[in-house]
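Notes follow the structure.
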Amino acid sequence: MAKQPHAPRNKPLRKGVNRYSRSVMYAKRYAFKHRKNVTKVEKRLDVTHKLKTIGGDKNGSTRFVPTKKMPRYYPTEDVPRKLRSHGKKPFSEHKRKLRSSITPGTVLILLAGPHRGKRVVFLKQLDTGLLLVTGPHKLNGVPLRRINQVYVIATKTKVDVSGVTIPKRVSDAYFKRKELSKPKHGEGEIFETDEQKYTVSDERKEDQTAVDKQVLAVLGKDEYMKGYLTGKFSLQTGQYPHNMVF
Amino acid sequence: MVYKKFIEIGTVVYINLGPHAGKLAAIVNVVDQNRLLVNGPCSKVPRCVVNLKQIKITQFRIKMPFGARAGVVGKAWEKANINALWAETKWAKKIESKAKKASLSDYDRYKLMKIRQKRSKIIAAEVRRLKKSAKSQ
């Protein structure tokens, strides 16, 4: 038969107030019999203290100094007060999350921006958390681009991009917008200097063809995939996004 | 309008609404004017009371006494092979195709559209050919 638990010897009468005092409990528990004789531990001065050589004439050449010094400051409060910025991390240290439905190779539907309605291939998530996608550019005009996952529907269709290598220079800094110089209205120069227009850099074109070549090769394996990415997504009558499977 | 299907003991019904929606069950007994006691041991419907408004009568009926217990109902069900017969009906097939359509992904919908276009083209071409040959006669 299993050992039955003993009823509490010292039942609480109220929270924090027990029936028997400490000394009475000592006797009830027969604690004097269970007392362990504690052998005194010798203080090991060789561990807690160390010999330190001191310079100067009349200082005595060595001194016996404790290895660990006492703290030179005890704060008045037990736990130091936290700064207002406590726990608030700068953007660069934020935790990047990615929806579980978005994995490399997922076909995404863009919902906002100049390419809204287009279906693109997701390549990877960049350090800032933005998604790197490509049209491919030949199919739908979407270049290597960053998008926020908030403006995206992840479809169930996945393409195998495990073999696709993205050039190392493609990163957040690569995509950062460059300030175009606006014409400065100097004396007599009002209509002379033109506004700098955005032109696609050669390095972008290079990277685009490099990546798209690989992606298109993978897309070509499925008969309808290229046509699928060329067309745009739209809702028809009777189609409700909350009822649809993407 | 002449009614062709009736509520009888043993009638197999399709449960439309409620916790057992989408399943078949056999009528075991009648509670009152609005409610039935049904049981579908071969279709995971426990013995329960359903409202007439929640069900739809199918063409099938199994032979069983009223108030029969689940074992008896199950045996009669299997003897009549209701599950197989039901799967062959147009009704069941429609339900299946609806469910399939609803579960299509965006890519599936695109592929379906393309295939339908292909089919229409083939049909249209054939119609044109037949019209032409009919005209020339």
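Chains as they are written, first to last, in the numbering used here: chain A, 1 to 246; chain B, 247 to 383. Note that beta-carbon positions come from the ideal geometry of N, C-alpha and C, so glycine has one too. Predicted model only: the values in this text are computed from it and were never measured.
### Task
Look up residue 353 of chain B in the DSSP assignment and say whether it is helix, strand or coil.
In the three-state DSSP reduction, residue 353 of chain B falls in the helix class (H, G or I).
### Task
Can you check DSSP and say which residues form a bridge with residue 12 of chain A?
Secondary-structure assignment with DSSP links residue 12 of chain A through a beta bridge to A:18.
### Query
Can a CB atom of chain A be found closer than 9 Å to the CB of residue 340 of chain B?
Not an interface residue.
### Query
Is there a Cβ from chain A that is less than 9 Å from the Cβ of residue 348 of chain B?
For residue 348 of chain B, the nearest CB of chain A lies under 9 Å from its own CB, placing it at the interface with that chain.
### Reference residue 301 of chain B, options B:277, B:312 and B:259, closest by Cα
Closest option to residue 301 of chain B, Cα to Cα, is B:259.
### Query
Between the Cα of residue 361 of chain B and the Cα atoms of A:132, A:224, A:174 and A:54, which residue gives the shortest distance?
Nearest option by C-alpha distance: A:224.
### Message
Tell me the DSSP secondary structure of residue 335 of chain B in three-state form.
### Response
In the structure shown, residue 335 of chain B sits in coil (DSSP, three-state: anything other than H, G, I, E or B).
### Residue ranges of each beta strand (DSSP E) within the region 49-90 of chain A, 3 or longer
Here the runs fully enclosed are 49-53 and 62-66.
### Query
Per the contact definition of three or more C-beta pairs closer than 8 Å, is the region 202-210 of chain A in contact with the region 113-128 of chain A?
Touching, no, given that fewer than three Cβ pairs across the two stretches are closer than 8 Å.
### Query
Does any residue of chain A bring its CB to less than 9 Å from the CB of residue 260 of chain B?
Closer than 9 Å: no.
### Message
By the DSSP assignment, the beta strand (DSSP E) with residue 230 of chain A in it spans what residues?
### Response
Here residue 230 of chain A belongs to no beta strand (DSSP E); instead the alpha helix (DSSP H) covers 225-230.
### Query
How would you label residue 134 of chain A, buried or exposed, when you count the other beta carbons within 10 angstroms and need 16 or more for buried?
With 16 or more other Cβ atoms from the protein chains shown falling within 10 Å of its own Cβ, residue 134 of chain A counts as buried.
### Message
If you measure between the beta carbons of residue 282 of chain B and residue 297 of chain B, is that distance less than 9 Å?
### Response
Contact flag set, yes.
### Task
To the nearest angstrom, report how far apart residue 39 of chain A and residue 45 of chain A are at their CA atoms.
One C-alpha to the other measures close to 18 Å.
### Query
On the three-state DSSP scale, how would you describe residue 258 of chain A?
The structure shown does not extend to residue 258 of chain A, since chain A spans only 1 to 246, so no value can be given for it.
### Message
Counting only Cβ pairs nearer than 9 Å, list the residues of chain A close to residue 366 of chain B.
### Response
Chain A residues near residue 366 of chain B: none, gap ~17 Å exceeds 9 Å.
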